[in-house]
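What the sequence shown shows, in my numbering, is residues 7 to 617, in sequence order.
The beta-carbon is built from N, C-alpha and C at its ideal position, and this holds for glycine as well.
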Amino acid sequence: MRRLNILIQLAVDHTLLLFSYWFALLIRFEGKIPAQALKHYLVYFEIAIIVKLAFLLLFDIYRILWRYAGAREYLRILFATFISNALITAVLLAMKLGIPRSIFPLVLILDVFLLSVPRLSPRIYQEIRFLRLGGKRKRVMILGAGEAGVMVLKELRRMKGQAYDPVCFIDDDRSKWGRTVNGLRVVGGRQDIRLNVHKYGIDEIIFAIPSLPLPDKREYIKHASQSKAEVKTIPGIFELIEEKVSISELRHVDITDLLGRDPVILDTSSLKNFLSGKRILITGAGGSIGSELVRQILEFYPGELILLDIYENNLYDLEMDIKRNWPHAPIRIVIDSVRSGERMSLQMEKLKPEIVFHAAAHKHVPLMETNPQAAVLNNVFGTYNVAKAAHENEVEKFIFISTDKAVNPTNIMGATKRLGEMIIQAFNGVSTTEYGAVRFGNVLGSSGSVIPLFQKQIAEGGPVTVTHKDITRYFMTIPEAAQLVLQAGSYAKGGEIFVLDMGEPVKIADLARDLIRLSGFHADKDIMITYTGLRPGEKLYEELLLDKTRAKETRHKKIFIEPPEYFSLQVVDVRLEELMKIVRSNNRRALYEYMMELVPSFQPKEYVNDY
Numbered sequence: 007m008r009r010l011n012i013l014i015q016l017a018v019d020h021t022l023l024l025f026s027y028w029f030a031l032l033i034r035f036e037g038k039i040p041a042q043a044l045k046h047y048l049v050y051f052e053i054a055i056i057v058k059l060a061f062l063l064l065f066d067i068y069r070i071l072w073r074y075a076g077a078r079e080y081l082r083i084l085f086a087t088f089i090s091n092a093l094i095t096a097v098l099l100a101m102k103l104g105i106p107r108s109i110f111p112l113v114l115i116l117d118v119f120l121l122s123v124p125r126l127s128p129r130i131y132q133e134i135r136f137l138r139l140g141g142k143r144k145r146v147m148i149l150g151a152g153e154a155g156v157m158v159l160k161e162l163r164r165m166k167g168q169a170y171d172p173v174c175f176i177d178d179d180r181s182k183w184g185r186t187v188n189g190l191r192v193v194g195g196r197q198d199i200r201l202n203v204h205k206y207g208i209d210e211i212i213f214a215i216p217s218l219p220l221p222d223k224r225e226y227i228k229h230a231s232q233s234k235a236e237v238k239t240i241p242g243i244f245e246l247i248e249e250k251v252s253i254s255e256l257r258h259v260d261i262t263d264l265l266g267r268d269p270v271i272l273d274t275s276s277l278k279n280f281l282s283g284k285r286i287l288i289t290g291a292g293g294s295i296g297s298e299l300v301r302q303i304l305e306f307y308p309g310e311l312i313l314l315d316i317y318e319n320n321l322y323d324l325e326m327d328i329k330r331n332w333p334h335a336p337i338r339i340v341i342d343s344v345r346s347g348e349r350m351s352l353q354m355e356k357l358k359p360e361i362v363f364h365a366a367a368h369k370h371v372p373l374m375e376t377n378p379q380a381a382v383l384n385n386v387f388g389t390y391n392v393a394k395a396a397h398e399n400e401v402e403k404f405i406f407i408s409t410d411k412a413v414n415p416t417n418i419m420g421a422t423k424r425l426g427e428m429i430i431q432a433f434n435g436v437s438t439t440e441y442g443a444v445r446f447g448n449v450l451g452s453s454g455s456v457i458p459l460f461q462k463q464i465a466e467g468g469p470v471t472v473t474h475k476d477i478t479r480y481f482m483t484i485p486e487a488a489q490l491v492l493q494a495g496s497y498a499k500g501g502e503i504f505v506l507d508m509g510e511p512v513k514i515a516d517l518a519r520d521l522i523r524l525s526g527f528h529a530d531k532d533i534m535i536t537y538t539g540l541r542p543g544e545k546l547y548e549e550l551l552l553d554k555t556r557a558k559e560t561r562h563k564k565i566f567i568e569p570p571e572y573f574s575l576q577v578v579d580v581r582l583e584e585l586m587k588i589v590r591s592n593n594r595r596a597l598y599e600y601m602m603e604l605v606p607s608f609q610p611k612e613y614v615n616d617y
């Protein structure tokens, strides 16, 4: 199709160039061209036109989308036309063919006019249409004058209606300062952002340096956010490599842009083998991770997806979302509780899943500190019930969603998740089912996480509450976590604990300042930050591995394996019977002490008193 389009353009240009010679001769001979002369000249004119078309091809004139072109593209036509005409004129005059010299400058002028005007008209039409609609262009500053910035500039110029007016580049490369890149001036570095926003009346700033290291990225966003202009960012680096930048995909800079998380590259062939056509059960399907697992799995065409949760409202919302986006998805909604071993056995026998993702859990640390029995019933016995039902019904694979808080836990929630890991490793020793666990840190935007809390506090005018100035946490996005859980699940052979690469830990105080700045305020000036002290069971920092020296790599650079440990299921059964008695006694001190016995790495900072 593209080749046909070029051939059509060549045919049109051939006709226009032939018209140039004819019209020039018409002027030279005052409207009466001698027939003999025209016949004599025609063969040479045809050769000349072929040369001119070759120059147009050489200058890539036929690869330009002219409705989006700028001055640089029109200069290419001018150069191609001037050089080809100069060459042809010199050759034809040297051959002494009797062609009137006066027609050559006329032909040059006509060539430029006839080749440019048809190509210029769509751009002129867009400009007139925009002015008639009374639209106001947004004056845009682009951060980064490299390849990504130039791609953004070209895309801005291509916008229908010309709603954007690119004004300047900002770039830290001093050699570019004062120069123009693709027709746009580079006016300074990151420290000059606010000055030039004011100077040029900038309405919108577009960040276009996707490969920039995180500390420099933070600096750029900091300077940009302190101006009055809107700050937006382009898609990720992989979209840029494939030249898929679209202004419709521009979005406001958010906190995920400041965490330095690279896009996840999945081994799709292994995931297809793992998920396609399979009957898959997800417990806690209405939660943050569970619902994202559902969405990700649907992309691999499961045979049936069974969504189990105790909270019907969450499942209803998820069901509506699936019906909107995957209207023919084979889903089944199950309202039930993992706390009931009998119900889980009945459901597993009836539904016969081939793969189980166990995401149902209580995860809120301070709430579980004051409700430890609930944490144990849900996170320990719930896991046991689902794992046992999977074993009894010969499920192929069982993946347990764990947490970094299970490593050397200081709170009851982390201890229950560590005990959950031990339970699935015990079942793995006696079952045909392959059991595995996936351990990761905090996910951005999940229910109960710090980001929504900070956003709410900022919206209310502050203060933003941070428990300690030095507290750090690992973060990843919900889609990233779900994708890596699925990838780890495809690698599971039985008994492993997969640990996800969470990147560098982030200071919560820095996170709060970034969110305040992105909301258009100044930390400790417009919005105050207050430090409230560590909550019960809260650590200053989290760990991901029990023993870092034993961690092994997988085929995926973001997934590591903590080698399997072996626990006797008979011993686990006896211990859990005793644990249930203590839970029913409602004696919290006894519960904590027994949990410390079951999970030797559990070292609570303090017991929560009985009441």
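When C-beta atoms of the region 312–323 are compared with those of the region 281–296, three or more pairs fall below 8 Å, so the two segments count as touching. In the structure shown, Glu-305 falls within a coil segment according to DSSP collapsed to helix, strand and coil. A check of alpha carbon separations from Tyr-226 across Gly-207, His-204, Gly-194, Lys-205 identifies Gly-194 as the nearest. Straight through space, the alpha carbons of Glu-584 and Glu-571 are spaced by roughly 22 Å. Between the beta-carbon of His-229 and that of Arg-200 there is about 6 Å, and that keeps the pair under the 8 Å contact cut. Within 10 angstroms of the beta-carbon of Ser-408 lie 16 or more other beta-carbons, which makes it buried.
Remark: C-beta atoms of Arg-145 and Val-123 do not approach each other more closely than 8 Å. One thing to note: Val-401 has its Cβ no nearer than 8 Å to the Cβ of Thr-376. Sequence-distant partners of Val-605 (beyond 5 residues in either direction) whose C-beta falls short of 8 Å from its own C-beta, in its chain, are Pro-415, Ala-421, Arg-424, Leu-425, Met-428. Partner residues in the beta bridge of Gly-442, as assigned by DSSP, are Ile-405.
Secondary structure at Lys-513: strand, using DSSP grouped into helix, strand and coil.
Arg-581 and Met-350 have their C-alpha atoms spaced approximately 21 Å apart. Linking Val-456 to Lys-611 through their CA atoms gives a straight-line distance of about 22 Å. For Asp-177, the number of other beta carbons within 10 angstroms of its own is at least 16, and it is reported as buried. Under DSSP, the beta-bridge partners assigned to Ala-529 are Ile-533.
For Ile-148, there is no enclosing alpha helix (DSSP H); the residue is part of the beta strand (DSSP E) that begins and ends at 144–149. According to the DSSP assignment, Phe-460 belongs to the alpha helix (DSSP H) that extends over 456–465. Among the bridge pairs identified by DSSP, Asn-448 is matched with Phe-481. Non-local C-beta neighbours of His-204 in its own chain, meaning closer than 6 Å and more than five positions away in sequence, are absent. DSSP, read as helix, strand or coil, puts Tyr-47 in helix. Excluding its 5 nearest sequence neighbours in each direction, Val-118 has C-beta neighbours in its own chain below 6 Å: Thr-87, listed in chain order. Residue nearest to Asp-66 within the set Phe-25, Leu-84, Val-444 is Leu-84 (criterion: CA-CA distance). Here Pro-308 is buried. Its C-beta has 16 or more other C-beta atoms within 10 Å. Between the alpha carbons of Ile-89 and Ala-54 lies a distance of about 12 Å.
Per DSSP, the unbroken beta strand (DSSP E) holding Glu-236 starts and ends at 236–239. As the crow flies, the alpha-carbon of Arg-34 is around 19 Å from that of Ala-92. Counting only residues of its own chain and dropping the five nearest sequence neighbours on each side, Glu-355 has a CB closer than 7 Å to the CB of Asn-399.
Taking 4 residues as the shortest admissible run, the region 199–235 contains the following complete alpha helix (DSSP H) segments, listed from N- to C-terminal end: 199–206, 220–231. Going by beta carbons, Phe-504 and Ile-418 fall outside the 8 Å limit. Along the region 369–433, the beta strand (DSSP E) occurs as fully enclosed runs of 3 or more residues at 403–407, listed in sequence order. Take the alpha-carbon of Tyr-441 and the one of Val-491: they are about 13 Å apart. Taking a C-beta distance under 8 Å as the contact criterion, Phe-460 and Ala-518 qualify as a contact pair. Arg-180 has no beta-bridge partner at all, per DSSP.
When only Cα atoms are considered, Arg-196 and Val-187 end up about 17 Å apart. For Arg-345 against Gly-388, the beta-carbon gap comes to about 5 Å, under 8 Å, which counts as contact.
Rounded to whole angstroms, Ala-515 and Ile-522 show a C-alpha spacing of 11 Å.
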